[in-house]
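Student: Here it is, the structure, as structure tokens.
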Amino acid sequence: THTGERPYDCSQCGRCFRNTSQLAQHWRTHTGERPYEGPECHKSFTKSSGLVRHWQTHTGERPYDCSQCGR
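Taken in order, the sequence shown gives residues 14 to 84; the numbers are from the numbering used here.
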């Protein structure tokens, strides 16, 4: 990681990654796989962080405040 080496390359497009997790996540762009699905609306996402962010639209949760106005 500190060397900038990217030894894992995508056999489909040649893009290179630092680790197998990044490669697996990238691979979903080729397969269309969206394994993270919302339990209420069934909208699906390629990354778990996308589901978490979307879930906040259902719960109304706003975990970050604006440093300017506090909202």
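A virtual CB, placed ideally from N, CA and C, is assigned to each residue, including glycine.
How about residue 47 and residue 30: do their beta carbons lie closer than 7 Å?
Tutor: As a first step, residue 47 is located in the sequence shown; it is residue number 34 there, counting from the start. As a first step, residue 30 is located in the sequence shown; it is residue number 17 there, counting from the start. Result no, Cβ atoms of residue 47 and residue 30 do not sit closer than 7 Å.
Student: What did DSSP end up calling residue 61 once you bin it into helix, strand or coil?
Tutor: Here the question's residue 61 lines up with position 48 in the sequence shown. The answer is helix: DSSP assigns residue 61 an H, G or I state.
Student: How many angstroms separate the CA atom of residue 45 from the CA atom of residue 71?
Tutor: Locating residue 45 in the sequence shown gives position 32, where the first residue counts as 1. Locating residue 71 in the sequence shown gives position 58, where the first residue counts as 1. Each residue's Cα considered, the two are about 25 Å apart.
Student: Within the same chain, show all residues whose beta-carbon is closer than 8 Å to that of residue 16, passing over the 5 residues directly before and after it, in chain order.
Tutor: Position 3 of the sequence shown, counted from the first residue, corresponds to residue 16. There are no such residues.
Student: Along the chain, where does the alpha helix (DSSP H) that runs through residue 39 open and close?
Tutor: On the sequence shown, position 26 is the one that residue 39 refers to. Start and end: 33-44.
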